[in-house]
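Sequence positions in the sequence shown follow this note's numbering and run 169 to 719.
A virtual CB, placed ideally from N, CA and C, is assigned to each residue, including glycine.
Only a predicted model underlies this, so the values are computations on that prediction, with no experimental measurement involved.
The block underneath contains the structure these notes are about, expressed in C-alpha cells.
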Amino acid sequence: MKQSAMSRHIHIEASGDDAARVPLLTSHLELASLDSDEGEVIFERSIGDNANDVQRSTQRKRTYEEAVEDAGFGLFHGLLLVVCGWANASDAVEILCVSFLLPTARCDLHLSSSDMGLLTANIFLGMMIGGYMWGYLADQRGRQKVLVMSLTVNGVFGALASFAPRFWLFLLLRFISGVGVGGSIPVIFSYFSEFQPRLKRGAMISALATFWMAGNILAAGLAWLVIPRTWVRFSLGGLDFQSWRLFVVLCSVPSLTSALIFSLAMPESPRFLMEAGRETEALRVFCRMFAINHRGSLKTFSICGLHIPSEKKERETRRGGTHTRCFVNLLKQGLAPIRQLFVGELASRSVCLVVIFYCISFGYYGLWMWFPELFKRAEDGGSPCANVSRLQSHDNQSCYPVKTAVYIEGFIAAASNLPGNIFTVLLMDVIGGKALLCCSLLLSSVSVFLIYEVKTKAQSLLISCVFSGVSVVAWNSLDVLGTELYPTQLRSSALGFFTGIGRVAAIMGNIVFGQLVDTNCVIPVLLVSALLLTGGITALRLPRTKQAELT
C-alpha cells in the first residue's frame with residue numbers, strides 16, 4: 169500500500185471499477201487506499217493538531233460544476249435517466265388512470281356526474297398539498313429519501329384504493345395517493361438535474377420529461393388490455409372485484425418498483441450533499457459516477473476536495489442548530505422558503521412563474537379533461553361549441569361492454585407528444601428554455617382558438633394532437649427553467665410551490681368547464697386561449713438560463 173503525507177484536504181485518485189469501492193472514512197482514520205493495476209483510490213485527511221507540520225497540497229479544490237464535469241458523462245447518466253424516467257412515468261400513470269377507469273367504475277361505485285368531477289379534482293388537491301410538503305422536506309433532508317417516501321405513498325395508497333367498497337373511501341385513498349404524486353414530480357427533476365453537466369443539462373431534463381408520454385401510453389395500454397376483459401371478475405369477501413380494480417392495482421406497480429430502485433441503488437444528490445456540508449459523501453458520489461462512466465478505461469479521477477462557499481456552511485450550521493419547540497415555529501420554518509422566493513432578485517421570476525404555471529395548468533388540464541365531450545359533439549357536424557346539449561345522465565347507461573375507442577384515441581393523443589419531445593431534446597440547449605416556452609404557449613393558444621373550425625371527429629382528433637404536441641414543449645421548458653432559476657436550497661421547495669399553484673388552476677379549470685360547457689362552450693374555450701396567450705407573454709419577462717451553472 170502506497171503511503172502519503174497527511175494533509176488537511178481530501179484527495180481521490182481513481183480509475184475504472186475501483187472507484188466504486190471507496191472505503192468509508194471515520195473520524196479516526198488517517199489513510200485508506202485501494203491499490204489496483206489501473207490506479208488507486210486514496211483518501212487523505214489530517215487529524216493532527218500541529219497544522220504547521222502538515223504538508224499542504226497545491227492542487228485546487230473543485231467547485232460543484234467542475235466536479236460534475238470531471239466525473240464525465242456516459243453510462244451513469246443513461247442509467248439515471250431510465251430510473252428517474254420510470255419514476256416520472258409512474259406519476260403519469262397514477263394521474264391518468266382515473267380518466268380510464270371512470271366509464272366502468274361509475275357503475276360499481278354508483279357515481280353521479282358531480283362525483284366523477286370530484287374524483288378528477290381530488291388527486292390534484294392531494295398533489296397541491298404534497299408538492300410543497302415533499303419539496304420542503306427534500307431541501308431539508310435530501311432528495312433520495314423523499315423520493316423513496318413519496319413514491320411509496322403513491323403506490324401503496326393507489327393500490328389500496330382498488331379494494332375500497334364505497335366511493336368516500338376510494339376518494340380518500342386516491343387523495344392520499346395524490347399527495348405522494350405531488351411530491352415525486354418536483355423532487356425528481358431537482359434530483360436528476362443535480363447530476364447533469366452544465367452543457368448537457370437542458371437536453372437531459374427534456375429527455376426526462378418525455379417519460380411522461382411513456383406513462384400516458386402505458387396507462388392507455390393497460391386500460392385497453394385489462395378493463396374490457398369481463399372475465400376478470402371474482403368476489404373478495406363482500407367486494408365485487410372487477411377488471412377496473414385490477415387496472416388500479418397494476419397502475420401502482422411503477423411507483424412501487426421506482427421506490428424500491430431508489431432505496432436500494434440510487435445515491436443522494438451530490439449538490440445537496442455539498443450544500444449540507446457532507447463533503448466526503450459528495451466525493452463518493454462523484455467517484456461512483458466516474459467509475460461507471462469510465463468503466464474499463466485507464467483514465468484516472470483525481471480530486472483534492474470540493475470547494476464549498478463559507479456562507480453555505482454557515483447556513484447549514486444554522487439549519488442544523490435550529491430546534492422547533494412548537495407547532496407555530498414549525499409552520500414558520502416550513503413557510504420560510506416561500507417567503508424567500510419573493511425576495512430580492514428572485515421575486516420577479518417567481519411572480520412570472522406563478523402566472524405561467526396557473527395559465528398552462530388551467531388551460532391544459534381544464535381543456536384536456538373535456539376534449540372527449542367536445543369531440544362527441546363534433547360528430548354531429550359543425551363546431552363542438554355550436555352543438556350545445558346537456559350532458560346525458562350516466563345512471564341509465566350500461567358500463568359494459570366497454571368501448572375501446574377511447575383507448576385508441578388515447579394512444580394517438582399520447583403519441584402526438586413525441587415530435588414535441590424530440591424537438592425539445594434537440595434544441596433546448598441551442599435555443600434555450602425561455603424562447604421555447606414563449607413560442608409553445610403562443611402556438612398552444614392559437615390551436616385552442618381553432619376549435620371553432622372543427623367540423624368532424626377526425627378534425628377534432630387532429631386539433632387535440634396539435635395541442636398535445638405543442639403544449640408538451642411548454643411543459644418541458646418549464647421543467648428546465650424551474651431547476652435553473654433557483655438555488656439548491658430552494659429548488660425543490662420552489663418546484664413544489666409552483667406545481668401546487670398549477671394544481672389549484674387544474675381544479676378551477678375542471679370546475680369552470682363543468683359549469684359552462686353546456687350553457688356556453690365559447691367562454692371556457694376563449695378563456696383557455698387567452699390564458700395561454702397571457703402565459704406566453706409573461707414568459708418574456710423571465711431571465712435567460714441557457715447552459716447556466718446551478719447555484
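field: Test item: CB-CB of A459 and F268 under 8 Å
entry: Indexing the sequence shown from 1 puts residue 459 at position 291. Indexing the sequence shown from 1 puts residue 268 at position 100. Taking 8 Å as the Cβ cut-off, A459 and F268 do not qualify as a contacting pair.
- prompt: Taking all protein chains shown into account, do 16 or more other C-beta atoms lie within 10 angstroms of the C-beta of N585, making it buried, or fewer, making it exposed?
  reply: Along the sequence shown, one-based indexing puts residue 585 at 417. Result: buried.
- prompt: Among G534, V251, S426, which has the Cα closest to the Cα of V672?
  reply: Looking up residue 672 in the sequence shown gives position 504. V672 has its Cα closest to that of G534, out of G534, V251, S426.
- prompt: Looking at C-alpha atoms only, which residue of Q683, I691, G650, A375 is the closest neighbour of P354?
  reply: Within the sequence shown, numbered from 1, the residue matching residue 354 stands at position 186. Of Q683, I691, G650, A375, the residue nearest in Cα terms is G650.
query: Does the beta carbon of G253 sit closer than 8 Å to a beta carbon anywhere in chain B?
result: Among the protein chains of the structure shown there is no chain B, as only one such chain exists.
message: The beta strand (DSSP E) that contains F409, what's its start and end?
response: As a first step, residue 409 is located in the sequence shown; it is residue number 241 there, counting from the start. 407 to 409 is the span of the beta strand (DSSP E), which, as asked, contains F409.
Where L376 falls, given that 16 or more other Cβ within 10 Å makes a residue buried: Counting from 1 along the sequence shown, the entry for residue 376 is found at position 208. The residue in question, L376, is buried, as its Cβ has 16 or more Cβ neighbours within 10 Å.
field: Residues of its chain near L418, where Cβ-Cβ distance is below 6 Å and the 5 sequence neighbours each way are ignored
entry: Locating residue 418 in the sequence shown gives position 250, where the first residue counts as 1. For L418, where only same-chain residues beyond five positions count, the Cβ hits under 6 Å are L390.
task: Would you kindly work out how many angstroms separate the C-alpha atoms of V321 and A674, rounded to a whole number?
output: Residue numbering aside, residue 321 sits at position 153 when the sequence shown is read from its first letter. Residue numbering aside, residue 674 sits at position 506 when the sequence shown is read from its first letter. Roughly 22 Å between the two C-alpha positions.
Ordered list of alpha helix (DSSP H) runs contained in the segment 296 to 369, each at least 4 residues: 311 to 328, 335 to 361
message: Going by C-alpha to C-alpha distance, which of G677, G323, F666 sits closest to I725?
response: Because the chain in this structure spans residues 169 to 719, residue 725 falls outside the shown range and cannot be described.
message: How far does the alpha helix (DSSP H) with P435 in it extend, from its first residue to its last?
response: Stepping through the sequence shown from its first residue, residue 435 is reached at position 267. Run containing P435: none; DSSP gives neither H nor E here.
field: Per-residue burial, Q683 [other beta carbons within 10 Å of its own, 16 or more giving buried]
entry: Locating residue 683 in the sequence shown gives position 515, where the first residue counts as 1. Exposed, since its Cβ has fewer than 16 Cβ neighbours within 10 Å.
task: Would you check if the segment 633 to 652 and the segment 598 to 608 touch, i.e. whether three or more CB-CB distances between them fall below 8 Å?
output: yes
message: Pop quiz: V236 and M295 are said to be a contact at Cβ under 8 Å. What is the actual Cβ separation, rounded to whole angstroms?
response: For the purposes of this step, residue 236 is identified with residue 68 of the sequence shown, where counting begins at 1. For the purposes of this step, residue 295 is identified with residue 127 of the sequence shown, where counting begins at 1. Actually they are not in contact, since the Cβ atoms of V236 and M295 sit about 31 Å apart, beyond 8 Å.
Close-in-space but distant-in-sequence residues of the same chain around S697 (CB under 7 Å, 5 per side omitted): Your numbering for residue 697 matches position 529 in the sequence shown. Excluding sequence neighbours, S697 sits near S613, V616, F617.
query: Among the residues of its own chain, which have a CB less than 7 Å from the CB of C633, if the five just before and after it don't count?
result: As a position in the sequence shown, residue 633 is number 465, starting the count at 1. These residues qualify, in order along the chain: I580, A581, S584.
message: Assuming L629 is part of the alpha helix (DSSP H), what are its boundary residues?
response: The residue you call residue 629 lines up with position 461 of the sequence shown. Counting along the chain, the alpha helix (DSSP H) containing L629 begins and ends at 625 to 652.
message: Could you check whether Y304 and P438 sit closer than 8 Å to each other, using their CB atoms as the reference points?
response: Here residue 438 corresponds to residue number 270 of the sequence shown, with the count starting at 1. Here residue 304 corresponds to residue number 136 of the sequence shown, with the count starting at 1. Going by C-beta atoms, P438 is not nearer than 8 Å to Y304.
query: Ends of the alpha helix (DSSP H) at T448?
result: On the sequence shown, position 280 is the one that residue 448 refers to. Segment 447 to 461, the alpha helix (DSSP H) holding T448.
field: Alpha carbon of L653 to alpha carbon of M372, nearest angstrom
entry: Along the sequence shown, read from residue 1 onward, the residue named residue 653 stands at position 485. Along the sequence shown, read from residue 1 onward, the residue named residue 372 stands at position 204. Between L653 and M372, the C-alpha separation is close to 17 Å.
- request: Below 8 Å on the Cβ atoms is my guess for G310 versus F440; work out the distance and round it to an integer in Å.
  value: Locating residue 310 in the sequence shown gives position 142, counting from the first residue. Locating residue 440 in the sequence shown gives position 272, counting from the first residue. With a Cβ gap of about 6 Å, G310 and F440 count as contacting.
message: Judging by CA-CA distance, which residue of A329, F591, V693 is the nearest neighbour of R413?
response: Taking the first residue of the sequence shown as 1, we reach residue 413 at position 245. The shortest C-alpha separation from R413 is found at A329.
- request: Decide if P692 is buried, meaning its Cβ has at least 16 other Cβ atoms within 10 Å, or exposed.
  value: Here residue 692 is taken as the residue at index 524 of the sequence shown, counted from 1. For P692, the number of other beta carbons within 10 angstroms of its own is at least 16, and it is reported as buried.
message: For L710 and S411, what's the separation of their Cα atoms in angstroms?
response: Walking along the sequence shown from the start, residue 710 turns up at place 542. Walking along the sequence shown from the start, residue 411 turns up at place 243. Their backbone Cα atoms lie some 47 Å apart in a straight line.
Continuous alpha helix (DSSP H) stretch holding P692: start and end: The sequence position of residue 692 within the sequence shown is 524, counting from 1. Residues 690 to 706.
task: Using three-state DSSP, classify V622 as helix, strand or coil.
output: Mapped onto the sequence shown, residue 622 falls at position 454. Note: V622 maps to coil in three-state DSSP.
- prompt: Would DSSP call H278 helix, strand or coil?
  reply: As a position in the sequence shown, residue 278 is number 110, starting the count at 1. Three-state DSSP puts H278 in coil, outside helix and strand.
message: In this structure, how does DSSP classify S770 when only helix, strand and coil are distinguished?
response: Because the chain here runs from 169 to 719, residue 770 falls outside it and cannot be looked at.
task: Check the C-beta distance from G299 over to G531 and give it rounded, since I have them as a contact under 8 Å.
output: One-based indexing of the sequence shown puts residue 299 at position 131. One-based indexing of the sequence shown puts residue 531 at position 363. The pair is not a contact, with the Cβ atoms about 19 Å apart (cut-off 8 Å).
- prompt: Nearest to A382 by CA position, among S258, F454, F591, is which residue?
  reply: Position 214 of the sequence shown, counted from the start, is the residue given in the question as residue 382. Closest option to A382, Cα to Cα, is S258.
field: Contacts around H491, its chain only, beta-carbon distance under 7 Å, and the 5 residues preceding and following it disregarded
entry: Walking along the sequence shown from the start, residue 491 turns up at place 323. Model confidence at H491 stands at a pLDDT of 43, short of 50, so the residue's coordinates are unreliable; what they give is reported in the following sentence. Within the same chain, H491 has no close Cβ partners at all.
task: Determine the burial state of G464: buried for a count of at least 16 other Cβ atoms within 10 Å of its Cβ, exposed for fewer.
output: In the sequence shown, counting from the first residue as 1, residue 464 sits at position 296. Under this definition G464 is an exposed residue.
message: With distance defined between alpha-carbon atoms, name the residue in Q657, A603, T656, S661 nearest to T706.
response: Position 538 of the sequence shown, counted from the first residue, corresponds to residue 706. When each option's Cα is compared against that of T706, the closest is A603.
message: Please report the straight-line C-alpha distance between C689 and F681, rounded to a whole angstrom.
response: The count along the sequence shown starts at 1 and reaches residue 689 at position 521. The count along the sequence shown starts at 1 and reaches residue 681 at position 513. Taking the straight line from one Cα to the other gives about 8 Å.
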